[in-house]
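Per this note's numbering: the sequence shown = residues 1295 to 1412.
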Amino acid sequence: MPTYKVTFLPANTVVTADSARYPCGSHGEAGSVLDIALAHGVEIEHACGGVGVCGTCHIIVRAGKLNLSPPSDDEMDVVDMAPGNTVDSRLACQAVVRGDVTVEIPGWNRNLASEGPA
Ligand code: FES
């Protein structure tokens, strides 16, 4: 099974996700950006636990957009309500990684995360 490189900005943290081991943890869709992030110590807010309704896991895709599962209408409805959303925004808990991707964790989300000083 292939492995994929997931880069998290702005920290430029690069993790390797092994699709044979999806799900990596227990949050969000198996193999989602959130699933991979949390399993590798990258904090992303996920107030609803990864079921795609809260919008706190909003990320902006900077590269590899087509290497993520396509968004559902329900996901885009939630993204539309996320602060600072862009045309490249996704929900980390719903976007399943199928190739190398680079995503940015928005500042307001980072500041809520618990991995250390902002
Ligand atoms: S964690 Fe709530 S929408 Fe993704």
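Just so you know, even glycine gets a beta-carbon here, dropped at the ideal spot from N, CA and C.
### Query
Taking the DSSP output, what are the residues bridged to T1310?
T1310 is bridged to K1299.
### Query
Since A1386 and C1351 are thought to touch, with beta carbons under 8 Å apart, how far apart are those beta carbons, to the nearest angstrom?
Correct: roughly 4 Å between the Cβ atoms.
### Query
Does the separation of the CB atoms of V1397 and V1300 fall below 9 Å?
Judged by beta-carbon spacing, V1300 lies within the 9 Å limit of V1397, meaning their Cβ atoms are closer than that value.
#### Entry: Outcome for R1384 when other beta-carbon atoms lying within 10 angstroms are tallied against a minimum of 16
Classification for R1384: buried.
### Query
When DSSP labels each residue in this structure, what does V1373 get in the three-state scheme?
Helix at V1373.
### Query
Just the Cα atoms here: how many angstroms apart are G1325 and D1368?
Taking the straight line joining both Cα atoms gives about 19 Å.
#### Entry: Buried versus exposed call for A1305 [16 or more other C-beta atoms within 10 Å across all chains shown]
Label assigned to A1305: exposed.
### Task
Tell me whether the beta-carbon of I1353 lies closer than 9 Å to the beta-carbon of I1338.
The answer is yes: Cβ separation under 9 Å.
### Query
Using DSSP with H/G/I as helix, E/B as strand and the rest coil, what is A1333?
Helix.
### Query
For A1357, which residues does DSSP report across the bridge?
Under DSSP, A1357 shares a beta bridge with T1396.
### Message
Output needed for A1311: all residues of its chain with C-beta closer than 6 Å, excluding positions within five of it in sequence on either side, in chain order.
### Response
Contacts found: Y1298, V1300, I1330, V1391.
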